[in-house]
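Asks: Reading the sequence shown from the start, the letters are residues 230 to 384 in our numbering.
Attaching a single structure in structure tokens format; questions to follow.
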Amino acid sequence: MPPSSRVALVTGGSRGIGLACAQRLRDDGHRVAVTWKNSPPPPCDVEAHRDLLALHCDVTSASDVETVFDEIEQQWGPVEILVANAGVTRDALVLRMSEESWCEVVDTNLTGAWRVARRATRGMVRAHWGRVVLISSVVAYSGQAGQANYGAAKA
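Pasting the structure below:
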């Protein structure tokens, strides 16, 4: 690892934007942990790089979040870079949207981001260094039919 190597965590890092962020951080020389809930990252990414750690985590679960941070800290030390990317969509027009759909999106996309940021900042404050990136969406600013829950959670 280069001397400027940091410990990074990307939630929802098994595909899409999260995987791209994780790959870039890894390519820049950082040790990167990614979390996934339903789909693990491609095996070739994990097996080919000892500086990439894939961990199952549901960001709606405080105990899952604590377990993931404990494991990362045990292997590499405190998280210094956090990319809070985990998210879900449950689209429906407001009149047809169930309370369960609303709550799942808000709990994952908003409360989950807060949960991991709160936990990550413990080590960052102690180290007097850290970076937190919260992934948003254009839907938060322009709106989209059927995505009131998603837009509100990403604002």
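Glycine included, every Cβ here is placed at the ideal spot set by N, Cα and C.
The structure presented is a predicted model; accordingly, all values stated were derived computationally and were not measured.
1) What are the boundary residues of the beta strand (DSSP E) that I246 is part of?
2) In chain order, which beta strand (DSSP E) runs of at least 3 residues are fully inside the region 274-309?
3) How many angstroms separate the CA atom of D336 from the CA atom of V354?
4) Is V362 near V312, with beta carbons less than 8 Å apart?
5) What ranges does the beta strand (DSSP E) occupy inside the region 294-381, keeping only unbroken runs of at least 3 residues that lie completely in it?
6) Bridge partners for T264 per DSSP, in chain order?
7) Excluding five sequence neighbours on each side, which residues of the same chain lie with their C-beta closer than 8 Å to the C-beta of D287?
8) Can you tell me which of A377, I246, V239 puts its alpha carbon nearest to the alpha carbon of S330?
9) At what residues does the beta strand (DSSP E) containing A237 begin and finish?
10) Touch check for the region 244-256 and the region 365-373: three-plus C-beta pairs under 8 Å?
11) Give me, in chain order, the residues of the same chain whose beta-carbon lies closer than 7 Å to that of P269; leave out the 5 immediate sequence neighbours on both sides.
Replies: For this structure:
1) Mapped onto the sequence shown, residue 246 falls at position 17. Careful: I246 lies outside any beta strand (DSSP E), inside the alpha helix (DSSP H) at 245-256.
2) 281-285
3) Translated into positions along the sequence shown, residue 336 becomes position 107. Translated into positions along the sequence shown, residue 354 becomes position 125. Taking the straight line joining both Cα atoms gives about 25 Å.
4) To locate residue 362, count along the sequence shown from 1; it is residue 133. To locate residue 312, count along the sequence shown from 1; it is residue 83. A contact, by the Cβ cut-off of 8 Å.
5) 310-313, 360-363
6) Translated into the one-based positions of the sequence shown, residue 264 becomes position 35. T264 is bridged to L284.
7) Working through the sequence shown from its first residue, we reach residue 287 at position 58. Contacts found: K266, D293.
8) As a position in the sequence shown, residue 330 is number 101, starting the count at 1. Closest by alpha carbon: A377.
9) Your numbering for residue 237 matches position 8 in the sequence shown. Here the beta strand (DSSP E) through A237 covers 236-239.
10) no
11) Within the sequence shown, numbered from 1, the residue matching residue 269 stands at position 40. Same-chain partners within the cutoff: S243, A283.
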